[in-house]
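Chains as they are written, first to last, in my numbering: chain W, 17 to 322; chain Z, 17 to 322.
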């Protein structure tokens, strides 16, 4: 089932206690696509400037990523520079240069209008809505957002929520959007705004899948070494949506399995700088880690109560 | 299988954004026993002053709690006063008065020396060791500790670790004890000091069960209302150890089920001030919540990979 992501294609400069990287491949659409492509072909819509190392994107095309929907425009590419705390629990943005991303108006290329599984990465909700208007009959649409849009474009974001199947955000965003610090009440608040499901990402604590009257939790994969959390949430989304596209199903059982694929991709993402955590990772590796994941949460059937 | 807990029997004054309580039943042994007694009879060893509302303890004896090992001594009972932040994520100790607890030297009463499942609540590790010396042939011993003992009695604590089967602490304590902020490395550090297993409690994020080469995670029960986190960790321990005592088994499968009972008891504990979250809770209620818990983490079997 055709899979589409719209989001940023950026160059990231990242400082962590374990090293740093400059102008590395980044942006929500890139992290999403690298993860998703391990499960299903994926088409990307975005924009880059004429300074972007396009050959690096093209090298990734062999994985099943269709970059033909990434416009190339005169000017500077979107750049982000950030620094993490010693325990990677918080980060500070040192610099954001939007460049050509400031004038990004997503336009779906021929063939993309029929996309069935659609992820609207973290961009202006007005643009996310414009993408929805260009998709003919999606089966399942999920979107991300961030504090900036929650504060500056709240009404547009609420209009978007009424039209998507799922919101996928981190816990801080869910709390800010709902105005409620209890994560389960926050999730219910979001569900009452339209989406049938909400995924709340909790970093090293895993992620929640909330539906009316039912919850599911998946922990993060146990890792003794974490190098760079940048893009882990988008890799999670890529694993989640890529699995749904491959499975060709969007019921609750498949959503739960999609959570495991999402968390698996998140674990690869944090294991290297930028997208390097995925270097050398095969689909067979993913399936093996998914099996390990299932053991991590498996409660053996109990004997009858005494 | 006989179950024994040694710990504090206190009077707590608690302030939260949702209300407050003064001189309520508290202390690690009380929270543990109230939870454990829903699954198995439990014997408590501790000390109280002559100001303690012993009739309130005696009222709880009907649940299957044997308080005969709680010494009554002239003087003031242990009192703790604390205040929680608006989101219950942090707390400040306003006052600690040790009273008769300062001179507590646990002495097991006749009949307690044969205890098979033993929980050493958070007290001086020297006293925890002295309890171990009084137990003839325990099948499974778990202990708790806190930052105060990690800092002031480190050597005694390490001697204790070499003699117990499990350490059960919160994530901050595991980090402080090991000197490592990565919780999986911290867990491995602890395992290398003696215990065959370690449980790391993570509050609203659930709890980890770590064994050499294998991990298990249980989330917290999804609650839209949380009133008072005091004692939740001890209630978790009570559910965990009470289940093992009832099941009469200490293999990994039973440990995983014990994690579910622990988390279930934690969820009742936070639902009311002091031990009131357990009012009206029956063993049948516990079993029903355990079943809901299993659904919360259940990953439906996947179809073969495409």
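Just so you know, even glycine gets a beta-carbon here, dropped at the ideal spot from N, CA and C.
Please list the terminal residues of the continuous beta strand (DSSP E) segment that includes residue i.
i              : result
residue 96(W)  : 94–100
residue 306(W) : It is not in any beta strand (DSSP E) - residue 306(W) instead sits in the alpha helix (DSSP H) that spans 299–313.
residue 26(Z)  : 26–32
residue 40(Z)  : 35–42
residue 113(Z) : 107–113
residue 210(W) : It is not in any beta strand (DSSP E) - residue 210(W) carries neither H nor E in the DSSP assignment.
residue 242(Z) : Note, residue 242(Z): premise wrong, no beta strand (DSSP E); not H, not E.
residue 88(W)  : 81–89
Please report the distance separating the alpha-carbon of residue i from that of residue j.
i              : j              : result
residue 96(Z)  : residue 287(Z) : 20 Å
residue 121(Z) : residue 164(Z) : 18 Å
residue 58(W)  : residue 51(W)  : 10 Å
residue 267(W) : residue 68(W)  : 39 Å
residue 262(W) : residue 274(W) : 10 Å
residue 304(W) : residue 124(Z) : 50 Å
residue 314(W) : residue 101(W) : 33 Å
residue 316(Z) : residue 235(Z) : 17 Å
residue 17(Z)  : residue 47(Z)  : 20 Å
residue 134(Z) : residue 182(Z) : 11 Å
residue 64(W)  : residue 38(W)  : 17 Å
residue 200(W) : residue 149(W) : 31 Å
residue 321(W) : residue 72(Z)  : Because the pLDDT of residue 321(W) is 45, which lies under 50, any placement of that residue in the model is unreliable, and the question is left without a value.
residue 104(W) : residue 282(Z) : 28 Å
residue 109(W) : residue 98(W)  : 4 Å
residue 159(Z) : residue 270(W) : 40 Å
residue 228(Z) : residue 198(W) : 34 Å
residue 41(Z)  : residue 224(W) : 34 Å
residue 62(Z)  : residue 238(Z) : 33 Å
residue 23(Z)  : residue 43(Z)  : 7 Å
residue 140(W) : residue 172(W) : 9 Å
residue 106(Z) : residue 153(Z) : 39 Å
On a Cα-Cα basis, can you pick out the residue from the options that is closest to residue i?
i              : options                           : result
residue 81(Z)  : 180(Z), 20(Z) and 155(Z)          : 20(Z)
residue 175(Z) : 133(Z), 197(Z) and 144(Z)         : 144(Z)
residue 292(W) : 269(W), 251(W), 203(W) and 130(W) : 251(W)
residue 218(W) : 204(W), 245(W) and 240(W)         : 245(W)
residue 306(W) : 289(W), 296(W) and 284(W)         : 284(W)
residue 290(Z) : 18(Z), 22(Z), 195(Z) and 32(Z)    : 32(Z)
residue 204(W) : 63(W), 93(W) and 231(W)           : 231(W)
residue 179(W) : 155(W), 196(W) and 166(W)         : 155(W)
residue 323(W) : 146(W), 186(W), 153(W) and 147(W) : This structure cannot speak to residue 323(W), because chain W is shown only from 17 to 322.
residue 243(W) : 259(W), 312(W) and 220(W)         : 220(W)
residue 310(Z) : 297(Z), 295(Z), 279(Z) and 296(Z) : 279(Z)
residue 206(Z) : 170(Z), 77(Z), 132(Z) and 115(Z)  : 170(Z)
residue 26(Z)  : 196(Z), 36(Z) and 247(Z)          : 247(Z)
residue 132(W) : 111(W), 157(W) and 224(W)         : 157(W)
residue 255(W) : 146(W), 302(W) and 240(W)         : 302(W)
residue 28(W)  : 84(W), 34(W), 77(W) and 94(W)     : 94(W)
residue 137(Z) : 233(Z), 45(Z), 308(Z) and 34(Z)   : 45(Z)
residue 190(Z) : 216(Z), 209(Z) and 208(Z)         : 216(Z)
residue 142(W) : 166(W), 130(W), 127(W) and 153(W) : 166(W)
residue 257(Z) : 49(Z), 146(Z) and 78(Z)           : 49(Z)
residue 294(Z) : 30(Z), 36(Z) and 53(Z)            : 53(Z)
residue 88(Z)  : 60(Z), 78(Z) and 299(Z)           : 60(Z)
residue 249(Z) : 184(Z), 209(Z) and 193(Z)         : 184(Z)
Consult DSSP for residue i and reduce its assignment to one of helix, strand or coil.
i              : result
residue 135(Z) : strand
residue 129(W) : coil
residue 230(Z) : strand
residue 66(Z)  : coil
residue 220(Z) : helix
residue 22(W)  : strand
residue 293(Z) : helix
residue 121(Z) : coil
residue 73(Z)  : helix
In the DSSP assignment, find the alpha helix (DSSP H) that holds residue i and state where it starts and stops.
i              : result
residue 270(Z) : 268–285
residue 260(W) : 248–263
Closer than 7 Å by beta-carbon distance: list the chain B residues that pair up with residue i, in chain order.
i             : result
residue 71(W) : Chain labels in this structure do not include chain B; the protein chains are W and Z.
**Message:** Please give the ranges of any alpha helix (DSSP H) in the stretch 141–208 of chain Z, keeping only runs that are unbroken, at least 4 residues long and fully inside the region.
**Reply:** DSSP runs (the alpha helix (DSSP H)) wholly in the stretch 141–208 of chain Z: 141–150, 163–168, 170–177, 187–194 and 199–207.
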